[in-house]
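J.:
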Amino acid sequence: MKKRWQHPVLISLVCAVFLLAFGHGVPFFQAFSPQGLTKKVFAEDEDKDKDKDKDKDKDKDKDTDGDEGGGGEDVGGCNRNGKITLDASRSLIQGGGTVWSNNQLDHGMSASKTLHVSLRTGGNLTTVINTPGDDGVLAETQAEFQNTKQIYTDLAQPGGLGRLTYFDNPSNQLFDFNRYKAAAIATNNTLSWSEFESRVVNEEQLYGIVYVTLDASAGEKTLQTGSINVKGTLVIDLINGSPSYKVKIEIPININPVVSPTTGTAILSPTDFDAWSIAAATRTSTEAPFPWPSGYQSAWDEIATAHASKDPRGVPLAGYKTFGQHEDMPALMYSGGIVDIHHAANISGVVYTPDFVEIEQKQKNGEVQYVNGAVVAGSGIYLESSSCGGGIAVVYDPDTVDSLRVTPSPSSLKRFAWKSE
Numbered sequence: 273m274k275k276r277w278q279h280p281v282l283i284s285l286v287c288a289v290f291l292l293a294f295g296h297g298v299p300f301f302q303a304f305s306p307q308g309l310t311k312k313v314f315a316e317d318e319d320k321d322k323d324k325d326k327d328k329d330k331d332k333d334k335d336t337d338g339d340e341g342g343g344g345e346d347v348g349g350c351n352r353n354g355k356i357t358l359d360a361s362r363s364l365i366q367g368g369g370t371v372w373s374n375n376q377l378d379h380g381m382s383a384s385k386t387l388h389v390s391l392r393t394g395g396n397l398t399t400v401i402n403t404p405g406d407d408g409v410l411a412e413t414q415a416e417f418q419n420t421k422q423i424y425t426d427l428a429q430p431g432g433l434g435r436l437t438y439f440d441n442p443s444n445q446l447f448d449f450n451r452y453k454a455a456a457i458a459t460n461n462t463l464s465w466s467e468f469e470s471r472v473v474n475e476e477q478l479y480g481i482v483y484v485t486l487d488a489s490a491g492e493k494t495l496q497t498g499s500i501n502v503k504g505t506l507v508i509d510l511i512n513g514s515p516s517y518k519v520k521i522e523i524p525i526n527i528n529p530v531v532s533p534t535t536g537t538a539i540l541s542p543t544d545f546d547a548w549s550i551a552a553a554t555r556t557s558t559e560a561p562f563p564w565p566s567g568y569q570s571a572w573d574e575i576a577t578a579h580a581s582k583d584p585r586g587v588p589l590a591g592y593k594t595f596g597q598h599e600d601m602p603a604l605m606y607s608g609g610i611v612d613i614h615h616a617a618n619i620s621g622v623v624y625t626p627d628f629v630e631i632e633q634k635q636k637n638g639e640v641q642y643v644n645g646a647v648v649a650g651s652g653i654y655l656e657s658s659s660c661g662g663g664i665a666v667v668y669d670p671d672t673v674d675s676l677r678v679t680p681s682p683s684s685l686k687r688f689a690w691k692s693e
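Take a look at the structure:
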């Protein structure tokens with residue numbers, strides 16, 4: 273833990289925020305994105321631990337895709353020594369904000385798809401938190417990471433806000449899906465699975481709240497042709513499903529994407545990933561320029577100006593609160609099941625499921641998987657980077673969650689929202 277966070281005044285301040293959030297119904301995630309946040313980065317290379325990790329791999333279980341649960345082995349000519357970056361430098365909590373779950377973080381070549389937040393890479397793991405280390409940069413050393421890694425998901429650690437016990441009840445939803453459906457109906461934006469798949473195959477650009485209903489009784493789905501292109505929010509409403517149900521995304525997924533400086537398209541390159549990661553890891557001040565671009569605001573601006581008929585904001589909804597002009601909305605939200613991304617990803621905004629998220633570099637063609645917002649999953653998160661992939665980055669962006677309205681909770685939690693002052 274950084275010395276700055278050992279100061280009793282700061283600890284008292286965070287505790288006060290906790291009490292306000294839970295005791296008085298004040299917006300919960302305000303605690304993570306107040307104005308004037310400090311920023312922090314961690315960089316780690318675990319080469320020294322590879323021998324230890326290889327020993328652990330001998331006892332690994334097979335994952336849910338049938339692949340081996342451990343790493344470091346050659347797969348299609350690729351070694352799984354890839355790159356993962358978590359940048360929580362805009363969060364008040366050290367490390368908190370990028371990956372949200374009930375479960376604690378696990379890192380290494382032995383990380384597997386279990387009820388954890390697992391980061392499986394034997395190469396470079398770069399984490400970014402909110403205060404400089406003893407070396408003067410915003411990059412955590414491995415030793416520093418050991419002191420903060422539990423806070424990444426278990427926010428009850430000193431300075432934290434308590435883990436998301438909201439997900440202890442599997443029937444709880446963080447968002448009111450019926451409200452999103454009402455907005456999609458009002459903007460003529462509801463699709464069956466077959467209709468959505470047709471648009472994906474044709475690589476159509478979709479706008480607003482795109483609400484897709486998927487009946488899981490017909491079996492799991494795999495998207496293999498085309499690309500997903502949405503500016504706004506993509507909702508997958510799973511019916512007749514289970515927490516283990518998957519929609520495998522074997523094609524590029526672009527939701528509120530940024531434009532690659534090197535390709536000029538939504539497909540990011542390894543050069544982009546390396547440049548942003550290095551810039552993040554070498555910052556010496558939280559006032560230094562933030563290197564990670566976002567397509568979130570520009571996407572919603574485009575919806576308002578060029579596709580107003582698809583803009584849900586300000587549209588009256590029968591029985592539900594109208595979406596406000598400045599209200600944030602997730603980028604990708606599942607009502608249940610596993611978010612399973614295997615191809616290039618360029619997403620600005622929150623990715624959510626009450627169950628499990630898997631982001632894996634299966635294509636092995638230099639694809640970059642980029643989420644600038646947050647990943648929230650009740651049962652756990654699994655990130656797997658391959659040396660033939662371009663890298664995985666999850667960046668906390670309070671601008672995508674400051675006004676993100678969530679549902680009323682049972683008595684264990686007050687109604688909360690991500691909103692800045």
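In our numbering, the protein residues as written are 273 to 693.
We put the CB at the ideal spot given by N, CA and C, even for glycine.
Which residue from I481, N512, V502, V507 puts its Cα closest to that of S489?
T.: By 1-based counting over the sequence shown, the position of residue 489 is 217. Among I481, N512, V502, V507, the Cα nearest to that of S489 belongs to N512.
J.: To the nearest angstrom, how far is it from the Cα of Q635 to the Cα of G354?
T.: Locating residue 635 in the sequence shown gives position 363, counting from the first residue. Locating residue 354 in the sequence shown gives position 82, counting from the first residue. When rounded, the distance between both Cα atoms is 13 Å.
J.: In this structure, does DSSP put F628 in helix, strand or coil?
T.: If you number the sequence shown from 1, residue 628 lands on position 356. Correct three-state label for F628: strand.
J.: So, with DSSP's three-state summary, where would you put S390?
T.: As a position in the sequence shown, residue 390 is number 118, starting the count at 1. Residue state, collapsed to three classes: strand.
J.: In terms of residue numbering, what span does the beta strand (DSSP E) encompassing T481 cover?
T.: Position 209 of the sequence shown holds residue 481. According to the sequence shown, residue 481 is Ile rather than Thr. Residues 477-487.
J.: Does DSSP put S675 in a helix, in a strand, or in coil?
T.: In the sequence shown, the residue the question calls residue 675 occupies position 403. S675 falls in the coil class under three-state DSSP.
J.: How long is the line joining the alpha carbons of D546 and P563, rounded to whole angstroms?
T.: Sequence index remark: in the sequence shown, residue 546 carries index 274 (1-based). Sequence index remark: in the sequence shown, residue 563 carries index 291 (1-based). Whole-angstrom Cα-Cα distance: 11 Å.
J.: Looking at C-alpha atoms only, which residue of S607, L358, A411, E639 is the closest neighbour of N526?
T.: As a working mapping, residue 526 is identified with position 254 in the sequence shown. That would be E639, whose Cα lies nearest to the Cα of N526.
J.: Residues in the same chain with beta-carbon distance under 7 Å from Q496, minus the five sequence neighbours each way, listed in chain order, please.
T.: Residue 496 sits at position 224 when you count from the first residue of the sequence shown. Here the set comprises E522, I523.
J.: Grouping DSSP H, G and I as helix and E and B as strand, with all else coil, what is Q633?
T.: Within the sequence shown, numbered from 1, the residue matching residue 633 stands at position 361. Looking at Q633 - three-state DSSP - the assignment turns out to be coil, as it is neither helix nor strand.
J.: Helix, strand or coil, according to DSSP, for A649 in the structure here?
T.: If you number the sequence shown from 1, residue 649 lands on position 377. DSSP places A649 in strand when its eight states are reduced to three.
J.: Under the DSSP definition of a beta bridge, which residues are partnered with V666?
T.: The residue you call residue 666 lines up with position 394 of the sequence shown. Answer is L358, V643.
J.: Can you tell me whether DSSP reads K421 as helix, strand or coil?
T.: The sequence position of residue 421 within the sequence shown is 149, counting from 1. DSSP, read as helix, strand or coil, puts K421 in helix.
J.: Could you tell me if P533 is buried or exposed, where buried requires 16 or more neighbouring beta carbons within 10 angstroms of its beta carbon?
T.: Residue mapping note: residue 533 aligns to position 261 of the sequence shown, counting from 1. P533 should be labelled exposed.
J.: Can you tell me whether S499 is buried or exposed? The criterion is at least 16 other CB atoms within 10 Å of its CB, across all chains shown.
T.: Along the sequence shown, read from residue 1 onward, the residue named residue 499 stands at position 227. By the 10 Å Cβ count, S499 comes out buried.
J.: Does the beta carbon of P404 sit closer than 8 Å to a beta carbon anywhere in chain B?
T.: Checking the listed chains, one finds no chain B in this structure; it contains a single protein chain.
J.: From which residue to which residue does the beta strand (DSSP E) around K493 run?
T.: Here the question's residue 493 lines up with position 221 in the sequence shown. Its beta strand (DSSP E) spans residues 493-495.
J.: Using only alpha-carbon positions, find the residue among A456, T459, T537, T494 that is nearest to V265.
T.: The question about residue 265 has no answer here: the residues shown for the chain are numbered 273 through 693.
J.: For V647, which of E416, Q633, T679, D612 has the nearest alpha-carbon?
T.: Counted from its first residue, the sequence shown places residue 647 at position 375. When only C-alpha atoms are compared, the closest one is D612.
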